[in-house]
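Enquirer: This note's numbering applies: residue 11 is where the sequence shown begins, and numbers increase by one. Before I ask anything, let me first share the structure, which is written out below as structure tokens.
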Amino acid sequence: MKTTGDQQLLKRINRSVLLRLMRAESGLSRADLSRKSGLTKSTVSALVRELVAEKWMAEAHAPVAVEGMGRPSTPLQLDAETRVLMGVEIAVECLRVVCVTLTGVVVSHAQVPLVSNLAARACQQTAQVVFEQCQQLAAKKLLLSGVGVCLPGAINEEAGMVRFAPNLGWREVPFLSMISTAFIDIGVPQVPIHLQNDADAAALSEYEFSTYEGEDPLIFVSCDVGVGAGIILNDRLFVGAIGMAGEIGHTILQIDGPLCSCGRLGCAETFIGSRALKTAKNTDLAGKYLGVLIQNLDVMFNPRTIVLGGQSCVNNPEVIDKAIATLTNYSKLADMPLTTVRAARYGLLAAAVGSAALVWHRFLRPMPVGKSAPLQQMVKNAVAAAAEVETKETAKVVPSLKPQAAEYVVPIKPVKRRGSPAKIQEH
Ligand SMILES: [Zn+2]
11 MKTTGDQQLL KRINRSVLLR LMRAESGLSR ADLSRKSGLT KSTVSALVRE
61 LVAEKWMAEA HAPVAVEGMG RPSTPLQLDA ETRVLMGVEI AVECLRVVCV
111 TLTGVVVSHA QVPLVSNLAA RACQQTAQVV FEQCQQLAAK KLLLSGVGVC
161 LPGAINEEAG MVRFAPNLGW REVPFLSMIS TAFIDIGVPQ VPIHLQNDAD
211 AAALSEYEFS TYEGEDPLIF VSCDVGVGAG IILNDRLFVG AIGMAGEIGH
261 TILQIDGPLC SCGRLGCAET FIGSRALKTA KNTDLAGKYL GVLIQNLDVM
311 FNPRTIVLGG QSCVNNPEVI DKAIATLTNY SKLADMPLTT VRAARYGLLA
361 AAVGSAALVW HRFLRPMPVG KSAPLQQMVK NAVAAAAEVE TKETAKVVPS
411 LKPQAAEYVV PIKPVKRRGS PAKIQEH
């Protein structure tokens with residue numbers, strides 16, 4: 011049977027639905043997956059067979075007896091022992107690389123000083139470190155599923171471009187094509203490669219591997235040399251119209267304050283950036299400014315959780331305490347409920363782990379970045395294609411596509427993450 015592009019998309023969507031159900035609740039059987047997804051048992055069986063063969067999913071060892079005369083069911087789980095996601099953070103002063111399992115367990119990591127902030131040299135160095143990690147993975151018989159790269163700058167993810175990275179001195183750098191070439195030249199396996207801003211990636215480290223459910227909206231505030239925020243909104247990374255959302259380091263916290271690297275006066279970065287903290291007499295004031303910053307974010311987004319990370323926070327935990335105290339005070343004054351604020355789970359590895367999470371994030375949402383309207387059309391096309399195939403009685407591969415495709419958002423509901431992909435529905 012000829013498989014059209016639309017059918018391929020639909021199949022990827024159905025596969026991602028099963029993986030997301032599995033991630034939310036390990037140990038589900040094929041029958042459970044069928045019931046929760048709405049896909050037919052035969053479709054689920056076919057997809058699970060593929061996912062197990064490809065090592066995305068694994069069967070738990072002991073079958074579980076079911077009530078009545080039915081056959082024992084076999085619990086399934088994400089394969090957390092074979093596939094690995096790799097994440098790279100190109101920071102201003104260093105390069106971090108991590109490998110994590112599909113469940114977010116760090117299996118290896120490396121950190122080296124960044125030898126040059128020239129983009130071409132940074133690419134070569136990144137490729138070298140990634141290649142070394144790949145050799146270690148091969149020795150352990152682990153399978154690389156993709157590489158995510160993040161850096162401190164405004165990114166056009168779809169085009170693979172770094173628009174502007176002031177602390178690296180980059181502007182309009184075609185980074186994705188450069189790093190892809192460097193990977194091929196050195197012999198890195200050809201896997202999907204993704205690019206994103208460091209704070210955006212860090213937010214994904216908290217969201218994609220979360221043990222906390224329903225943390226949406228989630229805001230990750232990263233206080234490194236630069237200060238930025240990664241925002242998860244409605245189950246998606248919110249990057250703004252041109253990838254500039256979350257540049258909170260250059261929101262003004264004090265009129266006529268210290269001169270910032272951007273040319274303005276009194277930006278947040280001049281108070282809570284890691285360079286500012288190195289010369290600060292005490293960190294108390296920095297904590298207060300961070301508290302003001304997250305109070306403003308709290309009012310703007312009404313998030314469920316704010317996560318604080320980056321060097322300034324990880325190396326000075328008292329800054330986090332002061333920021334929380336400041337936010338608490340503001341909330342009490344306005345008689346508003348307190349938003350959960352906590353430290354980054356992965357500490358200084360947050361952005362690198364988040365880059366790995368970016369690979370997972372995109373794999374589980376098999377849709378073009380920032381193309382919601384065309385995507386709706388793509389799904390409509392997929393439904394129409396499936397209907398046509400069924401009419402011709404040739405839909406052996408995915409027989410349930412027609413009823414499922416129109417409501418493929420439904421299976422996400424049991425995950426209990428707020429902001430399920432209901433966004434696909436027309437407004
Ligand atoms: Zn500034």
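Using N, Cα and C, we set each Cβ at its ideal position, and we do this for glycine too.
Where do the ends of the beta strand (DSSP E) carrying A239 lie?
Expert: Unbroken beta strand (DSSP E) run through A239: 237-243.
Enquirer: What are the boundary residues of the alpha helix (DSSP H) that R372 is part of?
Expert: Run containing R372: 360-373, per the alpha helix (DSSP H) assignment.
Enquirer: Under 7 Å: does the beta carbon of R274 sit that close to some heavy atom of ligand 1?
Expert: The answer is yes for R274.
Enquirer: Start and end of the alpha helix (DSSP H) containing L43?
Expert: Note, L43: alpha helix (DSSP H), 40-47.
Enquirer: Assuming M171 contacts A129 (C-beta within less than 8 Å), just tell me the rounded distance between them.
Expert: Not a contact, Cβ separation roughly 11 Å.
Enquirer: Between the C-alpha atoms of C323 and A353, what's the straight-line distance to the nearest angstrom?
Expert: Whole-angstrom Cα-Cα distance: 8 Å.
Enquirer: I need the boundaries of the beta strand (DSSP E) containing P123, first residue and last residue.
Expert: It spans 116-123 - the beta strand (DSSP E) in which P123 sits, taken as one unbroken run.
Enquirer: Grouping DSSP H, G and I as helix and E and B as strand, with all else coil, what is S83?
Expert: Reduced to three states, the DSSP call for S83 is strand.
Enquirer: Out of S271, L348, F281, D331, which one is the CA nearest neighbour of P313?
Expert: Of S271, L348, F281, D331, the residue nearest in Cα terms is L348.
Enquirer: Would you kindly work out how many angstroms separate the C-alpha atoms of V122 and K46, rounded to a whole number?
Expert: Roughly 45 Å between the two C-alpha positions.
Enquirer: Three or more beta-carbon pairs under 8 Å between the segment 79-95 and the segment 187-203, yes or no?
Expert: The segment 79-95 vs the segment 187-203: no contact.
Enquirer: Go to S155, then tell me how far its beta strand (DSSP E) extends in each direction, as first and last residue.
Expert: Element bounds for S155: 153-161.
Enquirer: Is any heavy atom of ligand 1 found at a distance shorter than 7 Å from the C-beta of G259?
Expert: Yes - ligand 1 has a heavy atom lying nearer than 7 Å to the Cβ of G259.
Enquirer: Comparing C-alpha positions only, which one of L178, L105, A239 sits nearest to F311?
Expert: Per the Cα distances, A239.
Enquirer: Measuring only the C-alpha atoms, how far is T289 from M377?
Expert: Going by the C-alpha atoms only, they are around 45 Å apart.
Enquirer: What did DSSP end up calling I282 once you bin it into helix, strand or coil?
Expert: Here I282 sits in helix by DSSP.
Enquirer: Taking only runs that begin and end inside the segment 212-277, name each unbroken beta strand (DSSP E) of 3 or more residues, in chain order.
Expert: 228-233, 237-243, 246-248, all fully within the segment 212-277.
Enquirer: In three-state terms, what does DSSP make of V172?
Expert: The answer is strand: DSSP assigns V172 an E or B state.
Enquirer: In this structure, does DSSP put T336 in helix, strand or coil?
Expert: Correct three-state label for T336: helix.
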